[in-house]
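To start, the structure under review is shown below, and the notes come after it.
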Amino acid sequence: MKKFLAIVMTLLTVFVSNAQGQSKSQRPMEHMSGLLRLVETIPLPGDGYMDHLTVDVKGQRLFISGEAAKSVLVVDLRAGKVIHETKGLSAMPKKPFYLPDTNEVWVTLTDSTVAAISGTTYEITKTVELTGYRNPNRGADNAAFDPRRGLRRLWKQWQSRSY
Numbered sequence: 001m002k003k004f005l006a007i008v009m010t011l012l013t014v015f016v017s018n019a020q021g022q023s024k025s026q027r028p029m030e031h032m033s034g035l036l037r038l039v040e041t042i043p044l045p046g047d048g049y050m051d052h053l054t055v056d057v058k059g060q061r062l063f064i065s066g067e068a069a070k071s072v073l074v075v076d077l078r079a080g081k082v083i084h085e086t087k088g089l090s091a092m093p094k095k096p097f098y099l100p101d102t103n104e105v106w107v108t109l110t111d112s113t114v115a116a117i118s119g120t121t122y123e124i125t126k127t128v129e130l131t132g133y134r135n136p137n138r139g140a141d142n143a144a145f146d147p148r149r150g151l152r153r154l155w156k157q158w159q160s161r162s163y
């Protein structure tokens, strides 16, 4: 009986000490406070996915891909409101890039094209057709820009191509 009681007490001690050790959060941001705070909420028109965006730091503008509306929204961050919506894109916009040197927004579209939008007039100034995958509902979802080489990289579902 003493042996059984010793085993139970040992196991209980191990489980309790493990439980206490695990009660502290292992998430790195949970213990830090004040890093992020909600400053303002800006209403956006329409609905649908708007999860791809880029910022013009100097001009304090945010460019948001409005996938469902096939448009790019321009938000004035100083004024806290949408100031323009570039409509008429050939397909759903995905990843936008703001290029301060040319004051342009380049955005990938799901029909394997890339459109340039003027940062002054907000009009579409160029459209580049890319070879490869052509499906208006399943084109490139993400991209990257190399400012030194001026190259973009587009990612599609399960495959990638450089252009």
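Numbering (this note's numbering), first residue to last: 1 to 163. Note that beta-carbon positions come from the ideal geometry of N, C-alpha and C, so glycine has one too.
Scanning Gly119, Leu99 and Val128 for the CA closest to the CA of Pro147 turns up Leu99. Your pair Val82 and Leu44 checks out as a contact, with CB atoms roughly 6 Å apart and the cut at 8 Å. Here Ser118 is not near Lys95, since their CB atoms are 9 Å or more apart. In the DSSP assignment, Thr113 falls within the unbroken beta strand (DSSP E) covering Thr113 to Ser118. In its chain, beyond the 5 residues on either side, Val74, His84 and Thr86 have a beta carbon closer than 7 Å to the beta carbon of Tyr122. Per DSSP, Arg61 is one residue of the beta strand (DSSP E) stretching across Arg61 to Gly66. Listed in chain order, the non-local C-beta contacts of Ala69 below 6 Å within the same chain comprise Gly46, local neighbours out to five positions each way being set aside.
Per DSSP, the beta-bridge partners of Ser71 are Gly66.
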